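Asks:
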Amino acid sequence: MNPLQTIIRFQRGVISRLRNVWFRALGVRLGGYVLMRQVSIPRGWSDITIEKGTSLDDGVVLLCSGSPNRDKLVIRARTYINRYTMIDVSERIEIGSDCMIGPHCYITDSDHGHAPGQLVGKQPSISATVRIGHNVWLGAGVIVLKGVTIGDNAVVGAGAVVTKDVPANAKVAGVPARAIQPAE
């Protein structure tokens, strides 16, 4: 590594550590050092728990809405969340340890009501807990919708929209996500 790369790496490390201090001061519970690039947590800081060894890349947004609730968003140890992913939680989202979440993913536990004859924006949100197991891989651009559980060791292909539970060890892809057969 050349001297300039060393200086840049050192600078990024210092900035990440300062983000850890800042978000801890706001109320985010960090269970040790968390690598934080340019992360946005605009509100609901006390609703968030992130365990040691987790990495949040550039442009990751952790958005908590609704009533304050400890552990509304839990990200377990050693999980990596790639660039420009948004986690939008109003009730509860839990992401297991050792997961890899690709760039441009969207994970939410709620949506709006859609009763006929009423403005969507005036209808109440409908929420249901999202659980992502341990050692799960979400490819680029995956969308996970409310009420979904993704089992341990599952793989979700790029661009998939997960609307129903995914069993442990399954491989799914498509819109909506469906089981796929491994290549032979």
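Position 147, counted from 1, in the sequence shown is what numbering that gives the first Met the number 0 calls 146; the numbers after and before it change by one each time, with no gaps.
For each residue, glycine too, the CB sits at the ideal point set by N, CA and C.
These numbers were taken from a predicted model, which means no experiment stands behind them.
Can you tell me which of A159, G120, R36, R23 puts its alpha carbon nearest to the alpha carbon of R8?
Replies: R36
Asks: M0 bridges to which residues according to DSSP?
Replies: None; M0 has no bridge partner.
Asks: Among D56, V155, G26, which has the Cα closest to the Cα of Y83?
Replies: D56
Asks: In chain order, which continuous runs of the beta strand (DSSP E) of length 3 or greater are located wholly inside the segment 53-121?
Replies: 60-63, 72-74, 85-88, 92-94, 105-107, 109-111
Asks: Name, in chain order, the residues that DSSP records as bridge partners for G146.
Replies: In the DSSP output, where bridge partners are listed per residue, G146 has none listed.
Asks: Across the segment 110-121 and the segment 89-98, are there enough close Cβ pairs to call them in contact, namely three or more that are closer than 8 Å?
Replies: Flag = no, the segment 110-121 and the segment 89-98 do not touch.
Asks: Might you give, ordered along the chain, the residues of its own chain that have their beta carbon closer than 6 Å to the beta carbon of A24, omitting 5 neighbours on each side?
Replies: none
Asks: Find out if the Cβ-Cβ distance for the pair Q155, V135 is shorter than 9 Å.
Replies: It is Val, not Gln, that sits at residue 155 in the sequence shown. Yes, the Cβ-Cβ distance between V155 and V135 is below 9 Å.
Asks: Flag this pair as yes or no: are the beta carbons of T107 and L137 separated by less than 9 Å?
Replies: no
Asks: Once you ignore the five residues that flank G52 on each side, which residues in its own chain have a CB closer than 6 Å to its CB?
Replies: A76, R77
Asks: What number of angstroms, rounded off, separates the C-alpha of T148 from the C-alpha of N68?
Replies: Here the C-alpha atom of T148 lies approximately 20 Å from the C-alpha atom of N68.
Asks: In chain order, what residues of the same chain lie with their CB nearer than 6 Å to the CB of R18, ignoring the 5 residues before and after it?
Replies: M35
Asks: Just tell me which of A157, A159, G150 has its CA closest to the CA of A169.
Replies: G150
Asks: What do you reckon, are the CB atoms on G140 and P102 nearer than 9 Å?
Replies: yes
Asks: If I follow the unbroken beta strand (DSSP E) through V129, where does it start and stop?
Replies: 129-131
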